[in-house]
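Asker: Each residue of the sequence shown is one higher than the last, beginning at 4 in my numbering.
Once you've had a glance at the structure underneath, I'll fire off some questions.
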Amino acid sequence: MSARAASRRFMPRRCSRCVPRCLLPSSTESPVIALVVAACLSLPANATVIDGFRAPSCPRCAGNRGIEYAFASPTVSAGAPGQVVFAGAVGGRNYVVLRHANDPRVRITYGRLATIAVQRGDEVQVGATLGQASGVLYLGVRVGRIYVDPQSSGSSATPRFRTTLGARRGSAGHLGGACESRETR
Numbered sequence: 004m005s006a007r008a009a010s011r012r013f014m015p016r017r018c019s020r021c022v023p024r025c026l027l028p029s030s031t032e033s034p035v036i037a038l039v040v041a042a043c044l045s046l047p048a049n050a051t052v053i054d055g056f057r058a059p060s061c062p063r064c065a066g067n068r069g070i071e072y073a074f075a076s077p078t079v080s081a082g083a084p085g086q087v088v089f090a091g092a093v094g095g096r097n098y099v100v101l102r103h104a105n106d107p108r109v110r111i112t113y114g115r116l117a118t119i120a121v122q123r124g125d126e127v128q129v130g131a132t133l134g135q136a137s138g139v140l141y142l143g144v145r146v147g148r149i150y151v152d153p154q155s156s157g158s159s160a161t162p163r164f165r166t167t168l169g170a171r172r173g174s175a176g177h178l179g180g181a182c183e184s185r186e187t188r
């Protein structure tokens, strides 16, 4: 892989087998990238984006490291298998952070929850209830130390896993297809 390709923070792509948007983040922490990881996110169909992703100009600068949705569904479900690494309040708002089961570098944050139904250390599967929504749902995706836009789309990679918010398999037309994996060396 060229140095130019390795220096990219992420390269987005739309899946060919599923309608949701996909991300291909690539690590810049090492000059050699042994594995390319992609996250295919099924975004809530019944939700409106009220505050989009705004990448900060520096690690501690202002920005929105995820997306906030006006979320009508009362239940927030895990969209990927993983382990709960944080479940609690930050600044008076409830958050659940999952470390993805297939790649521990990937963290998915569900925030602004009214209630939390899981504890730190819990192993969850797709569809497990994480909590109840408060009317607004925050979704953030981080790979290593890099925050990526959950709504990015483009044309460069096949997804490795899919995250769904509040929707059960089959409740939205595009959730039935499986995303494939691809490893790159």
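All C-beta atoms in this analysis are idealised placements derived from N, C-alpha and C, irrespective of residue type, glycine included.
All of these numbers come straight from a predicted model, not from anything done at the bench.
Using the Cα positions of V88 and R102, report the straight-line distance between them to the nearest angstrom.
Answerer: Their backbone Cα atoms lie some 6 Å apart in a straight line.
Asker: So, under 8 Å CB-CB, V99 and L116 are touching, yes? Tell me the CB distance rounded to an integer number of Å.
Answerer: Rounded, the Cβ-Cβ distance is 7 Å, consistent with contact.
Asker: Give a yes or no on whether the C-beta atoms belonging to I53 and A73 are separated by under 8 Å.
Answerer: Cβ distance < 8 Å, so I53 and A73 count as in contact.
Asker: Using the rule of at least 16 other Cβ atoms within 10 Å of the residue's Cβ for burial, across every protein chain shown, is A65 buried or exposed?
Answerer: The residue is exposed, with fewer than 16 neighbouring Cβ atoms inside 10 Å.
Asker: Count the other C-beta atoms from every protein chain shown that fall within 10 angstroms of the C-beta of E71, then say buried if there are 16 or more, exposed otherwise.
Answerer: Its Cβ being crowded by 16 or more others within 10 Å, E71 is buried.
Asker: Buried or exposed for R57, please, with buried defined as at least 16 other CB atoms from any protein chain shown within 10 angstroms of its CB.
Answerer: Exposed.
Asker: Can you give me the Cβ contacts of Y150 inside the same chain, cut-off strictly under 6 Å, excluding the 5 residues immediately before and after it?
Answerer: Answer for Y150: R68, listed in chain order.
Asker: Hey, quick one: how far does the beta strand (DSSP E) through D54 stretch, first residue to last?
Answerer: D54 -> beta strand (DSSP E) spans A50 to D54.
Asker: Mind checking who Q135 pairs with in its DSSP beta bridge?
Answerer: DSSP lists T78 and T118 as partners of Q135.
Asker: In three-state terms, what does DSSP make of A83?
Answerer: The answer is coil: DSSP assigns A83 none of H, G, I, E or B.
Asker: Using the Cβ count rule (16 or more neighbours within 10 Å means buried), how would you classify R110?
Answerer: So R110 counts as buried.
Asker: Taking the Cβ atom as the reference point for each residue, do V127 and P77 lie within a distance shorter than 8 Å?
Answerer: No, Cβ-Cβ distance for V127 and P77 is not below 8 Å.
Asker: Is the beta carbon of R108 sitting closer than 8 Å to the one on V144?
Answerer: No. Outside cutoff.
Asker: Using CA atoms only, rank isn't needed, just tell me which of Y141, G95 and I119 is closest to Q135.
Answerer: Comparing Cα positions, the closest option is I119.
Asker: Mark G114 as exposed unless 16 or more other C-beta atoms lie within 10 angstroms of its C-beta, in which case mark it buried.
Answerer: With 16 or more other Cβ atoms within 10 Å, it is buried.
Asker: Ordered along the chain, which non-local residues of its own chain (more than five positions away) have a Cβ less than 6 Å from that of N97?
Answerer: Contacts found: L116 and I119.
Asker: Could you spell out the range, first to last residue, of the beta strand (DSSP E) harbouring V129?
Answerer: It is not in any beta strand (DSSP E) - V129 carries neither H nor E in the DSSP assignment.
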